[in-house]
Each structure stands twice: as structure tokens, then as C-alpha cells.
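Okay, structure first, notes after.
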Amino acid sequence: MHGRTVSVIGLGYVGLPVAVAFGKAGRTIGFDINTQRVAELRDGIDRTGEVTQVELVAAAIVYTNRIEELRQANFHIVAVPTPITEANQPDLTPMLKASETVGQALKKGDIVVYESTVYPGVTEEECVPILERISGLVCGIDFTVGYSPERINPGDKEHTFTKIKKVVSGQDAETLAIVAAVYESVVTAGVHRASSIKVAEAAKVIENTQRDLNIALMNELALIFDRLGIDTNEVLEAAGTKWNFLNFSPGLVGGHCIGVDPYYLTHKAEKVGYIPQVILAGRRINDGMGKFIAQRTVKEMIQTGQSVLGATVTVLGLTFKEDCPDLRNSKVVGIIRELEDYGINVQVCDPYADKIEAQHEYGITLVPEQDLIEASAVILAVAHKAFKQLSVDRLKCLMTDNPLMIDVKGIYDQQAVADAGIRLWRL
């Protein structure tokens, strides 16, 4: 055994599964500044849906928002969000605040490992000075730091924390050995030892940048094929018969990772004098897809003879991905805002999203499916299982005369929809 007592700071989509994994192996301190979150977890409730009640009960976790209890640990894992501002600049506030918190609990011999997504250099250049200032200790002598990027995929029950290979790093060889041993004690998939903290930070930020660019290419193709009157899904199906054609689809790129991480890399690149071309171009395309879908909906409404001003449009799905309650950085909001700019009344239905959070974060009132009024058009924005199971007849009941279906995810059978007399457009 590694002989370390682990604390996890930040018990969200990333931190809670980490805490539970360590809590199954031994006593773990779970820290979060959100008192409601702490209270819910003590009661065995995880509103993110990442961990079951059985798993929560099985884990020996002390849930707390008190710094005194953090001092019981000597291996601190920071797993707080790293969002972007409205100007698409990195917002390190949660990470810097967490560093202040850990600094107050730091003792000689402690190790602090960051899991949050950052650009290369943040751990050593931004966080270490805070840890030193608050604790009065010296990094490299009294305590050390490491970085092990999170790879949690919200809603994914197959690729879970213990089953995903863990990249680990430390500021020196001794720290790296301890960090690797601590994670190896719970991660059955094993670890990959990066040569430096900066290499590990860079590895994380490019994982999602690569995916972002591949989806951006699909989205740009969808924009082109739409003008050419060709169905993008059919093109991809044909091209996909080649053995080395990569399987990506067009769509909305939101969430806390793919739609955010590239901006961390481009920010750092610009700071060192390089203006990224390809990465930012991909971001522009992906960030503009919500607006494009809304405008295409309006065009289709006009072509079906419907008036736009004052019309009602139903949007199915608000979360950033299917079968997951995560609303962070949802690009469905872009569709809704653009439709509202056209004077359209938008009603949003999402059985997975939290009503209070949707109202608080976006000012959007969620409507249960049974309470939806007939709409001029229905936009399938998120491919939740509940929506996939809707029959064509049920879909038609959600619409007025001259029904229009906007299938962003391409999940409905084209022929069945056409046979029901519904006009269909899909991305």
C-alpha cells in the first residue's frame, strides 16, 4: 500500500468518482464548498448520476466543507472545474481558490495533485505560489506537487475512473513514484508516467482538442452539403465503408471538455507569440452550429408556409450530451436564443436535466412532455433514450398542421417520418 490518506477537493462529475474509488480502498476526505452538495452526499444522493447510492454507501468518505478535516489527509487531489469566460478566456478562479483552501491545510510531507484541465504551466506557475503563500511552506522542500489529468466522461458507465489508463506526473522522481503508486492502488487500467508536469498538462488539453477538430470538420461538411442539398449522414455512411475513415458525426459541441479545453491551449499559445490557425477555426465552426440550426429551422418553417413571429417551437433536450444531466456549456442554448431573436416562443423539454439548475443557469423553464403544447416545429437536439423511443405518431401529436421535424442527431427513420407527412431536415 502507498500509506497515504487521500483528500479530494471538488466533488462534482470528476471529483466524486475519484473520491468513491479511493473511499472503497480506505478512509478518504471528500471536500466541497457547496454545503448542499455535501449534505446530499452524506444522505447518499448524487445529483450528477455518476455514482449509485450503493457505491456511495460502500465508500468510506468523510464529506466535509471544513478545512480542519482536510488536514487529516496528506495526499490532496484537486478536481475543480476550469471553465472559460464569455470572451472564451480561461477562468482559473475555481482552481486558484481551491489552491488557497489546500494551502490552509498543507503540512510538511504533503503532496498536492491537480486533475483539472489547464494549459501547460498552470500547476507550477499559478498554483504553487498560492500554496506556498498560504501555507508558509516551500514547494520542493516541505511539500511537492503533481498533475494527473482527469478523463471522466459524464454519463459513461463503461469508461469509468478505474477503467481508464491514468496519466501521472510529479515535480521530481520521488513524487512521481508516490503519485503513481497512489493511483495504481485503485486504477485497474494502470498508469502512464509522463516525464514532466507540463507534458501531462499538454497531453490532457490536446485529447479534447483533437476530438473538437474532427467534429468541426464534420460540421463544416454538413454546412457545405446542406447548401448542396445532400444528406450528410448518407455521405458519412458511404465514406465510412473505407477501413481508415474516422467515425465522427456533426453536432453540437458543448460540455465542460471538448467545447472548453482548446481555448486553454490557444490562450497559452498566444501568450508565447503563436496565433493558432486550425484550432481556432474549428472552435468558430463548432460554436456557430446552434445559430445555424436555428436559422435553418426558420427557413424550413417559412417553406412549409408557417408564420415565424409568435410561433411555438419545441426543443427536445437541453443537456450537453445524451442520457446525462450535465447542463454545463450546453450549445442547445444557442439554438434557443437564436429562435427567440426571431420572435419565436420556445418550449424546452428534458427529463434528465434539473429544473432548478436550468432556470438558474439559463433562465429556461423546462416543460414535461405531457404538458407540451402543439408546436410549428420540433427540434431533436439531444438524443436521450426517452426521445429515441418516441413513435412517429407521438412526434406528430407534438406538432400543428404542416408538421416540421428538425433532427439534429439524425436518430429518426427518414422514410417513417416522411410517410407520416412530416417534413424532415437533419444535420
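For the working numbering, count along the sequence shown from 1 and bump the result up by 266.
We put the CB at the ideal spot given by N, CA and C, even for glycine.
Annotation: the continuous beta strand (DSSP E) that includes R459 extends over 457 to 459. The stretch 637 to 655 makes contact with the stretch 574 to 585: 3 or more CB pairs, one atom from each, lie closer than 8 Å. Residue range 463 to 494 is occupied by the alpha helix (DSSP H) that includes L487. Remark: C-beta atoms of P283 and I418 approach each other more closely than 8 Å. In the structure shown, K537 falls within a helical segment according to DSSP collapsed to helix, strand and coil.
A distance of 8 Å or more separates the beta carbons of H522 and E588. Setting aside the 5 residues that flank it on each side, P360 is surrounded in the same chain by V346, P347, each with a C-beta closer than 6 Å to its C-beta; the list follows chain order. Here the C-alpha atom of K621 lies approximately 18 Å from the C-alpha atom of E316.
Considering only L489, T383, D438, A364, the residue with the shortest C-alpha distance to E473 is T383.
Pairing A326 with L661, the inter-Cα distance amounts to about 47 Å. When secondary structure is reduced to three states using DSSP, G402 falls in the coil class, being assigned neither helix nor strand.
In the three-state reduction of the DSSP assignment, C523 falls in the coil class. Secondary structure at N354: coil, using DSSP grouped into helix, strand and coil. P516 and L693 do touch by the CB rule: their CB atoms are close to 5 Å apart, below 8 Å.
Within the DSSP bridge table, the entry for H342 names S273, V378 as partners. Per the C-alpha coordinates, the member of P528, G495, A339 positioned closest to P356 is P528. Restricting attention to L358, T507, V272, the CA atom closest to the CA of G296 is found in V272. C-alpha of Q613 to C-alpha of D673: approximately 16 Å in a straight line.
Here D685 is exposed. Its C-beta has fewer than 16 other C-beta atoms within 10 Å.
Contact annotation: the stretch 454 to 467 touches the stretch 426 to 443, with at least three C-beta pairs closer than 8 Å.
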